[in-house]
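Engineer: One structure coming up, written as structure tokens, with questions to follow.
There are 2 protein chains.
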Amino acid sequence: MPTYKLTYFPVKALAEPIRFLLSYLEENFEDYRFEREQWPNIKPNMPFGKVPVLEIDGKVVHQSTAISRYLGKQAKLVGKDDWEALQIDIAVDTLHDFRQVVANYWYEPDEALKSKKKEEALAGPVPFYLEKFDQLAKENNGYLANGALSWGDLYFVAVSDYLIRMLGSDYFEKYENLRRLRDNVVNIPSIKKWIETRPESEL
Amino acid sequence: MPTYKLTYFPVKALAEPIRFLLSYLEENFEDYRFEREQWPNIKPNMPFGKVPVLEIDGKVVHQSTAISRYLGKQAKLVGKDDWEALQIDIAVDTLHDFRQVVANYWYEPDEALKSKKKEEALAGPVPFYLEKFDQLAKENNGYLANGALSWGDLYFVAVSDYLIRMLGSDYFEKYENLRRLRDNVVNIPSIKKWIETRPESEL
Numbered sequence: 005m006p007t008y009k010l011t012y013f014p015v016k017a018l019a020e021p022i023r024f025l026l027s028y029l030e031e032n033f034e035d036y037r038f039e040r041e042q043w044p045n046i047k048p049n050m051p052f053g054k055v056p057v058l059e060i061d062g063k064v065v066h067q068s069t070a071i072s073r074y075l076g077k078q079a080k081l082v083g084k085d086d087w088e089a090l091q092i093d094i095a096v097d098t099l100h101d102f103r104q105v106v107a108n109y110w111y112e113p114d115e116a117l118k119s120k121k122k123e124e125a126l127a128g129p130v131p132f133y134l135e136k137f138d139q140l141a142k143e144n145n146g147y148l149a150n151g152a153l154s155w156g157d158l159y160f161v162a163v164s165d166y167l168i169r170m171l172g173s174d175y176f177e178k179y180e181n182l183r184r185l186r187d188n189v190v191n192i193p194s195i196k197k198w199i200e201t202r203p204e205s206e207l
Numbered sequence: 005m006p007t008y009k010l011t012y013f014p015v016k017a018l019a020e021p022i023r024f025l026l027s028y029l030e031e032n033f034e035d036y037r038f039e040r041e042q043w044p045n046i047k048p049n050m051p052f053g054k055v056p057v058l059e060i061d062g063k064v065v066h067q068s069t070a071i072s073r074y075l076g077k078q079a080k081l082v083g084k085d086d087w088e089a090l091q092i093d094i095a096v097d098t099l100h101d102f103r104q105v106v107a108n109y110w111y112e113p114d115e116a117l118k119s120k121k122k123e124e125a126l127a128g129p130v131p132f133y134l135e136k137f138d139q140l141a142k143e144n145n146g147y148l149a150n151g152a153l154s155w156g157d158l159y160f161v162a163v164s165d166y167l168i169r170m171l172g173s174d175y176f177e178k179y180e181n182l183r184r185l186r187d188n189v190v191n192i193p194s195i196k197k198w199i200e201t202r203p204e205s206e207l
């Protein structure tokens, strides 16, 4: 069994999909969470100055989505052929487009501009994306692609606490097919166990 | 042979990697370029309201990176195993992080803020990324990953005109390993032919 060490801030956000996938694989992993004040010392040692970073048998890899796809292959959660793998990739990249819409106001330092940007996002793009994702989950029987569980579903649910915190409202309450998607993921025994035992964090 | 129809603005930008890969595969494709004024009519018919969109035998797929990875698989440009595929995925997602740094000022509507953001980006993050990418190309013998040509190299070179236009300077002049990378891609006969015959566009 490979050894895994994950390095990230003490939050879920972009590391949580990796934690979900390692849990799904029933792999032990070191879940190293550094405090914000340590970041200036850690950042220069990270490839491209970013986290999450995963060490697999001491070899360092980065990029949340790329790592999740890699682990998804180990878990046989990448669809049955290249076409199905493409549908999963499309869903995850579109989730990141949605995340950009939300992050665009969330990380705006100017408070007045932040309010304005948030208002604009919530008035149009946010419900647009959520409705489209809900439709996708409806068409795919409670999953994002191919009518079956994939690493994309784990990704979507793993980052949802982060997105919901930035949005200020829980989209699983409003969108029933996204709720089905969430339930399909959180009721997987290995994921359920991870969620019950993971450290508390707001994001 | 499948039929392909690509739909995008009349520019290179995020569609050009798909055009590179279809050219590399020596596939004929309809390269449908709509004018900006047509966009409001086209947008509602696009999945998630975005382009590029590719129709493969009439089936619609979207997301530039996801499509390029899929075509990269057809072209056998995805590395020899899952680990190599991961290295390529990391490079491409990091390229998108870099693109976000540049797009963050380029698409800023407020002119004063745009100047300020551009100055900050050019003072730090932009050379940081370019030096890291140059180092990566050096370590990989003029490629981004695994010391061999991949769809990631085609992606990097295909979007470079767009990035260079937004940056206002040609990084291939300054970074010799990125220049090697570019030359490795543009000297592939099928890519060379595409570049010589493609429509002119600024981005």
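Note that the protein sequences, when read in sequence, are chains A and B. Using the working numbering, the letters of the first sequence map in sequence onto residues 5 to 207. Using the working numbering, the letters of the second sequence map in sequence onto residues 5 to 207. A virtual CB, placed ideally from N, CA and C, is assigned to each residue, including glycine.
1. Determine, using beta carbons only, whether residue 86(A) comes closer than 7 Å to chain B.
2. Can you name, in chain order, every residue of its own chain whose Cβ lies under 7 Å from the Cβ of residue 207(B), other than the five neighbours on each side?
3. Decide if the region 37–48 of chain B is in contact with the region 122–142 of chain A; the criterion is three or more beta carbon pairs, one per stretch, under 8 Å apart.
4. Is the CB of residue 12(B) under 7 Å away from at least one CB in chain A?
5. Report back the beta-carbon spacing between residue 10(A) and residue 35(A) to the nearest angstrom; my notes put them in contact at under 8 Å.
6. Are there 16 or more other CB atoms within 10 angstroms of the CB of residue 48(B), so buried, or fewer, so exposed?
7. For residue 117(A), count the other beta carbons within 10 Å of its own beta carbon; 16 or more makes it buried, fewer makes it exposed. Which is it?
8. Verify whether the separation of the beta carbon atoms of residue 67(A) and residue 94(B) is less than 7 Å.
9. Give the interface partners of residue 70(B) over in chain A, defined as CB-CB distance under 7 Å, in chain order.
10. Taking residue 79(A) as the reference, give the member of 19(A), 25(A), 137(A) and 182(A) with the closest Cα.
11. To the nearest angstrom, how far is it from the Cα of residue 189(B) to the Cα of residue 134(B)?
12. Helix or strand or just coil, what does DSSP make of residue 60(B)?
13. Compare the beta carbon distance of residue 97(A) and residue 69(B) with 7 Å and say whether it is the shorter of the two.
14. Round the Cβ separation of residue 72(B) and residue 8(B) to the nearest angstrom and send it over; I've been treating them as touching at under 8 Å.
15. Leaving out five residues on either side along the sequence, give the residues of the same chain with a beta carbon under 8 Å from the beta carbon of residue 30(B).
16. CA-CA distance, residue 21(A) and residue 157(A)?
17. Roughly how many whole angstroms lie between the Cα atoms of residue 186(B) and residue 52(B)?
18. For residue 204(A) and residue 64(B), I'd like the C-alpha separation in whole angstroms.
19. For a cutoff of 7 Å on Cβ pairs, would you count residue 52(A) as touching chain B?
20. Let me know the beta strand (DSSP E) ranges lying completely inside the region 96–179 of chain A, each 3 residues or longer, listed in chain order.
21. Any C-beta of chain B sitting closer than 7 Å to the C-beta of residue 74(A)?
22. Measuring only between beta-carbons, confirm whether residue 77(A) sits less than 7 Å from chain B.
Structural biologist: Taking the structure as given:
1. Yes, because at least one Cβ of chain B sits closer than 7 Å to the Cβ of residue 86(A).
2. Cβ neighbours of residue 207(B) beyond the five flanking positions: 15, 16, 17, 165, 166 and 169.
3. no
4. no
5. Rounded to the nearest angstrom, the Cβ distance from residue 10(A) to residue 35(A) is 6 Å, consistent with a contact under 8 Å.
6. exposed
7. exposed
8. yes
9. 90, 93, 94 and 97
10. 25(A)
11. 18 Å
12. strand
13. With contacts defined as CB atoms closer than 7 Å, residue 97(A) and residue 69(B) qualify as a contacting pair.
14. Wrong, their Cβ atoms sit about 13 Å apart, outside the cutoff.
15. 194.
16. 9 Å
17. Each residue's alpha carbon lies about 32 Å from the other.
18. 41 Å
19. yes
20. none
21. yes
22. yes
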